[in-house]
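Residue numbers (this note's numbering), protein chains in the order written: chain G, 6 to 221; chain L, 6 to 221; chain E, 6 to 221; chain D, 6 to 221.
Glycine is no exception: its CB is placed at the ideal position from the N, C-alpha and C atoms.
One structure is given here, and the rest of the page talks about it.
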């Protein structure tokens, strides 16, 4: 189904792709809470014991909040990308599916990292899941940029070049997180705080702001 | 990404933010039922025993219904807010994410309150989760009001002042619920019945009704 | 917030109410599968044993399919109702929330009916949940009809009268199911097969077909 | 409610049918992860043991990925079908409900196939669930094609004939998978890689590309 040469047609509008994506992100983000609800607080006989038991859940809470925030970040990236992509071809849809596959894995990776944080595989679970989701997102963006005439008709050559560079930021950071997580655990995710400035740096000059789209 | 001065652009339409939000609310509300399905009714040998076992589940049912109704209330608030907000900036989106984080915690907080209602932390779980969700909602509203020219272009100065005051109602009530819950438990949530009159009182004079939006 | 007299304004469009409703129905319908996945098939040592174990799950499968089909039916009713309702007031939204509350209870009621089908409360769980959902749906419809000028502007007097009568059909059938279920169990739900003809009978004459709405 | 003769009206737009369908697909796809999270890795005392425990989960991972990809494929088919179907009648909606019923069963079928892959019923669970979903999809397509004037007004006679033939591809493949799965297990699903070429072959000549729909 891949048609490289000329790429004559990209017939599908993105409305339902966006609806499906929003649904998967919303459910993955909400399923994270099951890691909390399924945690057994054990026997509690006093206020102090309950507070203590909740206090011992801090890794659960921390990783829950972390995964939730990262899912929100990745969802926001998706929204931003597709604001300038009115149409997609089947390659784009499959790359989107792969992206969602790793989003769906996030609740599993989160519980793995929480429960086995002292072992290497545990520390790597969340970083690796997010790396692959971001990698698929990056491929998707590259593909859209390289078929700009069909899939990003409103983006000029100069903007495309800058966007392309900027999109490297999240990818590089997610690689660094995978590298650092074995040593410092989930703290490595703090690197994502640098995503904004790093994106701006990579672009070295800002793409002109697009006009606000009309409300549908 | 925060641009305070001049706030020149808020490029994102709210369509997908609303879709993501509706999804998270719908899932959080539906996951509440898992607290009922995972409850073990124990061994049942007669009609009377089954009725009795179901009767003993009344705290489960009460807190299920309470959380469901409160989630609906908070969802309605979101709908109302965003009826006059056609565009958002990244601060708004992040405040929305924080708001949703506490919505996602509601099923966990509900099961905690149900299971540990005799202890302080148990009694506080639901009130605190709803307080933070409402607090984020209030911050979001303040932010939109203070960038009214971009994010609420159809709301006049006078209306904005009145809306701003009215939005305090839910926040004040949610604080009172946190204060009272240690003493009277989930009954404290009955205070939310005063939300309507209290909002009207704070506004001291009603914002003029907006004309009905056309159906999309 | 209820404004009976004159009912001057119903400001909210139904777009997000429909999105929230579709989400809750979709999740409730999908959660039904958890009743199957959580069922333990026990130890299996041969093909014959696995077939037998699956055969013993027939009440699980039957009630899963039944609840799924009924949820679809109730969802279709919602879609049909809101095709002629472009705007809602807060009473309508709250009645919708109550309707959804019982939809959310369906997975719980289904597992109760499956597990405790030999006891009265078990046999009643599903019928009662569906009865309340249909009752709220009927109230919602009555409310919309009695504020037709605002909420159903395109429905004429004669059609409104016929619709009102026709909407009784599902309600009457759901009452009959509650009455019969203690004696014949889930077979009572077969009465819903009569919903189509019974609706037509109650209308005694058909509302003129509305023209197909344009695709959004 | 079925009106064969003349088929005078198909009044419902497909907007909410699509929303409900997207929701069910998104949730079914996301619930697949519960099969991973509920898997117990057992006691782990070293890095090597955790890697080994994760390695033993390969059938879980493989079937998770397989079901996810197949769900994406079936969702894409739905999107493509409904791009040329602006309106539906009640037969179409019920066929859609049946289709979704088998989609909802996918997480159950997947866990059955994973856990009981050495027995016949286990090997058949996934293939059979997908076969029925595809069968309902095929019936739906046939129904739409045979009422083309109402439900597919923009599709010409020649295109309809070619589409009809092409739609046989997935059905034939899913039958072959059911036949082969008892012998070669989930490998049989690799046949779906032939769906693209086989569809083209069946059409013997390509339907003219439809122009890209405008973005909503």
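Contacts around residue 150 of chain E, its chain only, beta-carbon distance under 6 Å, and the 5 residues preceding and following it disregarded: 165, 169
Residue 118 of chain D: CB within 7 Å of a non-hydrogen atom of the ligand MN: Among the components of this structure there are no ligands whatsoever, and the ligand MN is therefore not found.
Identity of the residues DSSP links to residue 18 of chain E by a beta bridge: According to DSSP, residue 18 of chain E bridges with E:92.
As assigned by DSSP and simplified to three states, the class of residue 187 of chain L: helix
Residue-level contact to chain D via CB, residue 23 of chain E, 8 Å cutoff: It does; some Cβ of chain D falls within 8 Å.
Residue 138 of chain D - containing alpha helix (DSSP H), residue span: 125–151
Distance, residue 32 of chain G Cα to residue 125 of chain D Cα: When rounded, the distance between both Cα atoms is 33 Å.
Under the three-state DSSP convention, the category residue 209 of chain G falls into: coil
Helix, strand or coil at residue 169 of chain D [DSSP, three-state]: helix
Exposed unless 16 or more other CB atoms sit within 10 angstroms - verdict on residue 98 of chain G: Under this definition residue 98 of chain G is a buried residue.
Residue 171 of chain E, buried or exposed, once every other Cβ within 10 Å from all chains shown has been counted against 16: Residue 171 of chain E is buried by the Cβ-count criterion.
Sequence-distant residues of the same chain with beta carbon closer than 7 Å to residue 212 of chain G, five excluded per side: Low per-residue confidence applies at residue 212 of chain G: pLDDT is 45, beneath 50, and the placement is therefore not dependable, though the value from the model is reported in the following sentence. Counting only Cβ-Cβ distances below 7 Å, and skipping sequence neighbours, we find 164, 167, 168.
Cβ neighbour criterion (16 or more within 10 Å) applied to residue 80 of chain G: Around the C-beta of residue 80 of chain G, 16 or more other C-beta atoms lie within 10 Å, and the residue is accordingly described as buried.
Closer than 8 Å to chain G by CB, residue 81 of chain D: Chain G, which has a Cβ nearer than 8 Å to the Cβ of residue 81 of chain D, makes this yes.
Close beta carbons around residue 176 of chain G, own chain, < 6 Å, minus the five adjacent residues each side: For residue 176 of chain G, where only same-chain residues beyond five positions count, the Cβ hits under 6 Å are 139, 143.
Neighbour flag for residue 182 of chain L against chain E, beta carbons, 8 Å: Contact with chain E is absent for residue 182 of chain L, since none of that chain's Cβ atoms lies less than 8 Å from the residue's Cβ.
Proximity test, Cβ basis, 8 Å: residue 28 of chain G and chain L: yes
Minimum Cβ-Cβ distance from residue 134 of chain E to chain D less than 8 Å: no
Cβ distance (whole Å) where residue 137 of chain G is taken to contact residue 113 of chain G below 8 Å: With a Cβ gap of about 13 Å, residue 137 of chain G and residue 113 of chain G do not count as contacting.
Beta carbon proximity, residue 194 of chain D to chain C, threshold 8 Å: Absent from the structure: chain C. Protein chains present are G, L, E and D.
Closer than 8 Å to chain E by CB, residue 98 of chain D: yes
Same chain, Cβ closer than 6 Å to residue 24 of chain L, neighbours up to 5 away in sequence not counted: none
Three or more C-beta pairs below 8 Å linking the stretch 55–71 of chain G and the stretch 121–135 of chain L: yes
8 Å contact criterion, which residue 34 of chain E and residue 29 of chain D should meet: CB distance rounded: About 6 Å separates the beta carbons of residue 34 of chain E and residue 29 of chain D, which is inside the 8 Å limit, making them a contact pair.
Under 8 Å between C-beta atoms of residue 72 of chain L and residue 131 of chain L: yes
Sequence-distant residues of its chain with Cβ nearer than 7 Å to residue 101 of chain L (five each side left out): 22, 26, 145
Residue 61 of chain D, enclosing alpha helix (DSSP H) - first and last residue: 52–61
From D:65, D:208, D:96, D:135, residue whose alpha carbon lies closest to that of residue 180 of chain D: D:135
Whole-angstrom C-beta distance between residue 141 of chain E and residue 111 of chain E, which should lie under 8 Å: Contact flag wrong, Cβ pair sits at about 13 Å.
From G:183, G:205, G:206, G:207, residue whose alpha carbon lies closest to that of residue 196 of chain G: G:183
CB-CB length for residue 160 of chain G against residue 89 of chain G, believed under 8 Å: Right, their Cβ atoms sit about 5 Å apart.
Segment limits, alpha helix (DSSP H) that includes residue 195 of chain G: Neither: residue 195 of chain G is in no alpha helix (DSSP H) and is coded neither H nor E.
Chain D contact for residue 38 of chain E (CB, 8 Å cutoff): Chain D contact via Cβ: present.
Boundaries (first-last residue) of the alpha helix (DSSP H) holding residue 40 of chain G: 39–42
The stretch 99–122 of chain G: positions lying closer than 7 Å to chain D by Cβ: Correct list: 102, 106, 109, 110, 112, 113, 116, 121.
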